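Take the position in the sequence shown, starting the count at 1, then add 46; the result is the number in my numbering.
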Amino acid sequence: MKVSTNWINSITEQYRTSANLIPADINELVEIIGAQLGAVDEVTDTAKKYKGIIVVKVVSSAKHPNADKLSVCLVDDGKAVKGVKRDKDGLVEIVCGAPNVKAGMLAAWIPPGNAVPSSIDKDPFVLEAREIRGVVSNGMLASAQELDIGDDHSGIVEIDKPAQPGDSFSELYRMDDHIIDIENKMFTHRPDCFGMLGIARELAGIQHKSFKSPPWYIENAMAPASRARDDHNLTVKNEVPKVVPRFCALVIKDVKVGSSPLWLRASLSRLGVKPINNIVDMTNFYMLLTAQPLHAYDYDKVKTGMIGVRNSKKGEELKLLGGKTVKLGSGAIVITDGNKPIGLGGVMGGQDTEVDMNTKAIILECASFDMNATRRTAMAYGLFTDAATRFSKNQSPRQNLAVISKAAEEIMKLAGGRVSGKIIDDKHYAAKVINVKLSESFINGRLGLALAAKEIKRILENVEFKVAASGGIITVTVPFWRTDISIAEDVVEEVGRLYGYHKLPVVLPARNLKPAPEDKLLSYKDRLRGVLRSAGANEVLSYSFVHGSLLEKAGQNPSDAYQLANALSPELQYYRLSLTPSLLENINPNIKSGFDDFAIFEIGKGHNRQHSSDGKESVPAEFQMLSLVVTSRQKKIKSSGAPYFQARALLGYLAAENGINLELRDFKKEEPYPVMKPFDHKRSAQVWDADSKMPLGTVGEFKPSVLGNFKLPEFTAGFELSVDGLLAASKPPQYQPLNRFPALEQDICLRAPANLSYQRLSGFLAGELQKQSAGYGYGFAVSPLDIFSKPGDTKHKQTTWRINLWHPDRTLTTREVNKLFDKIAQNAEKELGAKRV
47 MKVSTNWINS ITEQYRTSAN LIPADINELV EIIGAQLGAV DEVTDTAKKY KGIIVVKVVS
107 SAKHPNADKL SVCLVDDGKA VKGVKRDKDG LVEIVCGAPN VKAGMLAAWI PPGNAVPSSI
167 DKDPFVLEAR EIRGVVSNGM LASAQELDIG DDHSGIVEID KPAQPGDSFS ELYRMDDHII
227 DIENKMFTHR PDCFGMLGIA RELAGIQHKS FKSPPWYIEN AMAPASRARD DHNLTVKNEV
287 PKVVPRFCAL VIKDVKVGSS PLWLRASLSR LGVKPINNIV DMTNFYMLLT AQPLHAYDYD
347 KVKTGMIGVR NSKKGEELKL LGGKTVKLGS GAIVITDGNK PIGLGGVMGG QDTEVDMNTK
407 AIILECASFD MNATRRTAMA YGLFTDAATR FSKNQSPRQN LAVISKAAEE IMKLAGGRVS
467 GKIIDDKHYA AKVINVKLSE SFINGRLGLA LAAKEIKRIL ENVEFKVAAS GGIITVTVPF
527 WRTDISIAED VVEEVGRLYG YHKLPVVLPA RNLKPAPEDK LLSYKDRLRG VLRSAGANEV
587 LSYSFVHGSL LEKAGQNPSD AYQLANALSP ELQYYRLSLT PSLLENINPN IKSGFDDFAI
647 FEIGKGHNRQ HSSDGKESVP AEFQMLSLVV TSRQKKIKSS GAPYFQARAL LGYLAAENGI
707 NLELRDFKKE EPYPVMKPFD HKRSAQVWDA DSKMPLGTVG EFKPSVLGNF KLPEFTAGFE
767 LSVDGLLAAS KPPQYQPLNR FPALEQDICL RAPANLSYQR LSGFLAGELQ KQSAGYGYGF
827 AVSPLDIFSK PGDTKHKQTT WRINLWHPDR TLTTREVNKL FDKIAQNAEK ELGAKRV
């Protein structure tokens, strides 16, 4: 947002809106704006650009003796410029090629030694006294293009304000300006600050000065009355009232289109807006003043007599101002003549109805367009216009009548004409006055201040809020141009900003020295990471968002997952259901990089849709998950058995380190849960907590289809567990001193029926050791050694364990250990039919 300090001054001077708002030192103003209004990107001093340019009177203009298209002029500069050659009458000789130069006119003279303004930002072109076809020219008489206030270079600029030879051109047309560029993002929620009027009001507020809007800027302004009995035949048909809540239109006939006065062209060009003609320039002037875009159509080119407002249809074409033709999709707001599009609503007008030098009547439009629809349209077609910038900030439709009425009045002053018929005001919103009630203590408590209600009232009334204060209760009425104030906290923010956040007391917050409570889940995750790292696994971090094809490759259904409406990329469309697919996706790239044998794990969240008993979607289900995958390309299956056992061993180590008693159960049928979908249920097991009988997750190998989809080695397995379940099942680590006495080690082998699971045998053995040694104070550790089946014997299997036994107070004897093992063997045969070998 570019702000002209001279324009701000002209507002306060013309309308007596406030005391002087621009300090003598521009740096002081920039500091105030940066602290209380918005970040300043750049400050441009335009006075440097026009330094030395003088108003002169052309005393005589004669044909150049050696050139048909040149004139030799003598100009009077009031002897303001020193060091330039003059004739006996004190006049300066200049060669000019403009066809409109004539004696008696006032023009802008760029003397020798000064740069041409239009070249300043590129490669400055400094003039000098030089001979042109035998005649010395002292500088030049400048055109609008050379003065950088338009594209017209067909003739020199004629001074159209009362002036004397020798006057400063920059002072006469207020080109001795400072343009302050404030970052647009700072005003995202402040559409009124995209106009000079709004900026002037804010500058008054942050400098604790009172501001009063111009008398014409009122909510229910009256449009200029029609001065003829003939009414226009214009109608407006708004088919999308939800996104175009207000559409005002006014017909002005008998206008005369031409160049704008120099002051208007100078005002627009300083802020980067290209002058076009007196009609278009005045609509742009009031857009820059009020932040409300306007548009003018050639009345006679809208041949149907109708302005339509609707959504675009796919395949329609629109030729925009400037000549660019766009092929429209569906959903954009278009202005039509009842049939074909003639403008892109809120963004840019069309060339077919543009105002040109032949225009005799205009339709002046002042509408409100939905901020989101405007932003989508601007993005879709790459048209980031001044109008789109303002409409995408949620302009207030309550200001439309004031702006269109004043703009129409000023257009008729410049271009003549008369209002035809009544104003059309197609209105589809309720003009609700917003009142916010809050207390003095509510404001002070949040700002750390002790402002009296009287002071708060003054701060807000400076920027034209209506405030009533009584007994510590403050009622604030929001002005019609503010769309960002609706709740008490908004008022607190306004008071704090206008008072000055930099003035708030700097007090260290009270601190409680009591340690923060432990986050058990966070600490437990760290514990799990440590255990798995010590087992040789490597942690990975992957995105919580995945592509739908990843879910499908893992056997999961994307419809079970939440889909993002505004995904960052096509690869990140869904919340993942579980972590395992993300790990599987990372295996093949690592193998290609030369890592043949590794285990990776991740701790993160999975999400799943939840549905209530009536089938309606309810609160999303979120799970804390731990997933691990182990893989090898080295044919480990020959030496280490099936990959299931590798995953099972890592799971057992994890459980042992956390004091969890596991129970593994067969899958009875295909489980519907997404987390279990990648696993081959014939080669996997359900993981349960043996103590609480609560499910923890799944361990096992993956389906052949999953191995193929992810191009995984045959030796790949893993597990996925609930972190919350593990936390609930875990037991705190117990301190146990190192045994001072030697342990006694023995192996035990049980020959059992083949259909008896290892889990059953191992659990029985651990239970017996616990029970038999409880009365004697033995400590023990069990580790499996071997499972063997004799050739030809399919009914039995032999399982061997190594058992370490110790006592904290003495050395065990072989006799008592044998006695213990005999007892265990007897009970094994009795309860399980397993004989000791």
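Every residue, glycine too, gets a C-beta built ideally from N, C-alpha and C.
Owing to the predicted nature of the structure, the values given are computational and were not obtained by experimental measurement.
As summarised for the region 544-618, the continuous alpha helix (DSSP H) elements at least 4 residues long and confined to that stretch are 566-580 and 594-599, given in chain order.
Around the Cβ of Glu192, a 10 Å sphere holds 16 or more other Cβ atoms; the residue is buried. In the three-state scheme derived from DSSP, where H, G and I count as helix and E and B as strand, Lys478 is classed as coil. In this structure Val752 is not in contact with Phe765, their Cβ atoms being roughly 15 Å apart against a cut-off of 8 Å.
Exposure of Tyr781 is indicated by the presence of fewer than 16 other C-beta atoms within 10 angstroms of its C-beta. The three-state reading of DSSP puts Ser803 in coil, since its state is none of H, G, I, E or B. Around the beta-carbon of Arg176, fewer than 16 other beta-carbon atoms lie within 10 Å, marking it exposed.
In the displayed model, Glu248 falls within a helix according to three-state DSSP. Residue pairing by DSSP puts Met352 in a beta bridge opposite Thr281.
In this structure, Ser306 lies near Asn324, with their beta-carbon atoms less than 8 Å apart. Secondary structure remark: continuous alpha helix (DSSP H) runs of at least 4 residues inside the region 412-490, in chain order: 417-427, 432-437 and 446-461. Counting along the chain, the unbroken alpha helix (DSSP H) around Met328 starts and ends at Asn324 to Thr336. Per DSSP, reduced to three states, the secondary structure at Ala342 is strand. Here DSSP, grouped into helix, strand and coil, assigns Leu296 to strand.
If you keep only unbroken alpha helix (DSSP H) runs of at least 4 residues inside the region 763-826, you get 769-775 and 804-820. Annotation: Arg273 is outside any beta strand (DSSP E) and is labelled neither H nor E by DSSP. Residue environment for Trp262: exposed (fewer than 16 other C-beta atoms within 10 angstroms of its C-beta).
For Glu139, the enclosing beta strand (DSSP E) begins and ends at Val138 to Cys142.
Here DSSP, grouped into helix, strand and coil, assigns Pro307 to coil. It is roughly 28 Å from the alpha-carbon of Pro788 to the alpha-carbon of Ile833. Gln844: member of the beta strand (DSSP E) spanning His842 to Trp852, first to last residue.
In terms of Cα proximity to Glu265, the closest of Val141, Ile156, Leu506 and Lys478 is Lys478.
Cα atoms of Lys549 and Ile225: separation of roughly 27 Å, rounded to the nearest angstrom. In this chain, the beta strand (DSSP E) harbouring Thr677 covers Ala667 to Ser678.
In the three-state reduction of the DSSP assignment, Thr51 falls in the helix class.
In the DSSP annotation of this structure, Lys728 is not part of any alpha helix (DSSP H); the continuous beta strand (DSSP E) holding it starts and ends at Phe725 to Asp735. Contact between Asp223 and Ala93 holds, with the beta-carbon distance rounding to 7 Å and staying under 8 Å. If the five residues before and after Leu559 are omitted, its C-beta is found closer than 8 Å to no C-beta atom of its own chain. Residue state for Glu877 is assigned as helix, using DSSP reduced to three classes. In the DSSP assignment, Arg711 forms a beta bridge with Gln732. Taking C-alpha positions only, Thr350 is separated from Ala424 by approximately 28 Å. In the three-state scheme derived from DSSP, where H, G and I count as helix and E and B as strand, Met394 is classed as strand.
Leu493 and Ile502 have their C-alpha atoms spaced approximately 12 Å apart. Beta bridge pairing from DSSP links Tyr263 with no other residue.
Linking Pro291 to Ala413 through their CA atoms gives a straight-line distance of about 8 Å.
Three or more pairs of CB atoms, one per stretch, sit closer than 8 Å, so the region 138-153 contacts the region 184-201.
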